[in-house]
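Heads up, my numbering is the position in the sequence shown plus 80, with the first residue counted as 1.
Here a beta-carbon is modelled for each residue, glycine too, at the ideal position from N, C-alpha and C.
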Amino acid sequence: MTDQNNRNPYEHAVAIRYQQRSAEVGALQRQCYALATLRLREAVRANGGGAGLAVVSDIDETILDNTAIMAHVMTEGHDFTDFTHWKRWEREGEPALIPGAADFFALADSLDVTVFYVSDRFDENKFATIATLSRLGLPQVVADQVMLFGPPKAERRAAIASRFRIVLQLGDTLHDFDGAFAGQTLDDQHRLAADHAGRFGEDWIVFPNAAHGTWLEADLRPWQLPPHAEGA
81 MTDQNNRNPY EHAVAIRYQQ RSAEVGALQR QCYALATLRL REAVRANGGG AGLAVVSDID
141 ETILDNTAIM AHVMTEGHDF TDFTHWKRWE REGEPALIPG AADFFALADS LDVTVFYVSD
201 RFDENKFATI ATLSRLGLPQ VVADQVMLFG PPKAERRAAI ASRFRIVLQL GDTLHDFDGA
261 FAGQTLDDQH RLAADHAGRF GEDWIVFPNA AHGTWLEADL RPWQLPPHAE GA
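Structural data, given as structure tokens:
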């Protein structure tokens with residue numbers, strides 16, 4: 081997480097409002113799951129069935145909509161770096177499903193594809209996270225398939241890849257897909273994204289999240305107005 085203490089409150093409110101209230105974000109989320117559905121069906125068809133295949137998905141802002149706690153922290157003026165409110169949300173919150181999530185994961189389950197929920201939610205709240213996913217009707221919500229904060233996500237994905245062929249990864253930040261993105265500068269993230277360009281929309285599906293990311297602290301790059309030419 082980036083240092084958020086000096087974030088402009090107005091800018092963050094705009095980001096959360098867009099993430100929570102815009103129809104465009106809902107449309108993008110549906111679009112992501114529509115594309116994921118196409119890619120999943122292709123992979124299962126090519127494999128002759130779902131046995132031995134896995135989908136690896138992040139949870140927050142990929143499956144669950146947590147904008148209510150974002151708005152709470154924002155409007156109450158709490159420190160964004162204080163995880164107290166987030167931990168309580170993990171235990172007691174009632175997030176909604178991202179549009180398209182229910183149908184996609186039900187399809188994966190029906191095709192015998194193994195689903196892994198790989199998230200940096202707190203492992204101390206694992207029981208609560210399992211309860212939330214189960215309440216929302218998601219399939220295959222069992223302890224060894226809900227892999228929360230502890231080893232880096234890259235290690236958790238590697239453990240899955242040792243037993244299954246991962247055909248699809250879903251997430252809202254780039255380190256949900258490859259450990260090379262973790263801890264990198266923004267410029268290096270752009271470079272790595274270009275290096276992996278062929279994977280986006282194929283086996284990597286990126287969901288929109290306007291309210292979180294290293295880019296939040298980046299300087300804007302405005303157009304530099306050229307000097308006014310004499311006689312113009």
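With isoleucine 96 and alanine 151 assumed to form a contact (beta carbons below 8 Å), what rounded beta-carbon distance in angstroms separates them? 6 Å
Quick check on the DSSP output: what are the complete alpha helix (DSSP H) runs of length 4 or more inside the region 178 to 208, in order along the chain? 181 to 190
Three-state secondary structure (DSSP) at isoleucine 246? Here isoleucine 246 sits in strand by DSSP.
Option in Leu108, Val105 and Ala134 with minimal Cα separation from arginine 119: Ala134
DSSP puts alanine 176 in a beta bridge; with which residues? Asp145
By the three-class DSSP mapping on this structure, what secondary structure does leucine 305 have? coil
Near aspartate 200, which residues of its chain fall below 6 Å by C-beta distance, leaving aside the five closest residues on each side in sequence? Answer for aspartate 200: Phe229, listed in chain order.
Buried or exposed (CB count within 10 angstroms, at least 16 for buried), arginine 236: Its Cβ being crowded by 16 or more others within 10 Å, arginine 236 is buried.
Could you pull the DSSP bridge partners for isoleucine 285 from this structure? Leu250
Would you check if there are 3 or more beta carbon pairs closer than 8 Å linking the region 150 to 169 to the region 88 to 103? yes
Buried or exposed, going by whether 16 or more other CB atoms sit within 10 Å of the CB of valine 136? buried
How many Å lie between leucine 187 and leucine 248 at the Cα? 13 Å
Opposite serine 316 in the DSSP bridges: which residues? An answer regarding residue 316 cannot be provided, because it is not within the stretch 81 to 312 covered by the chain.
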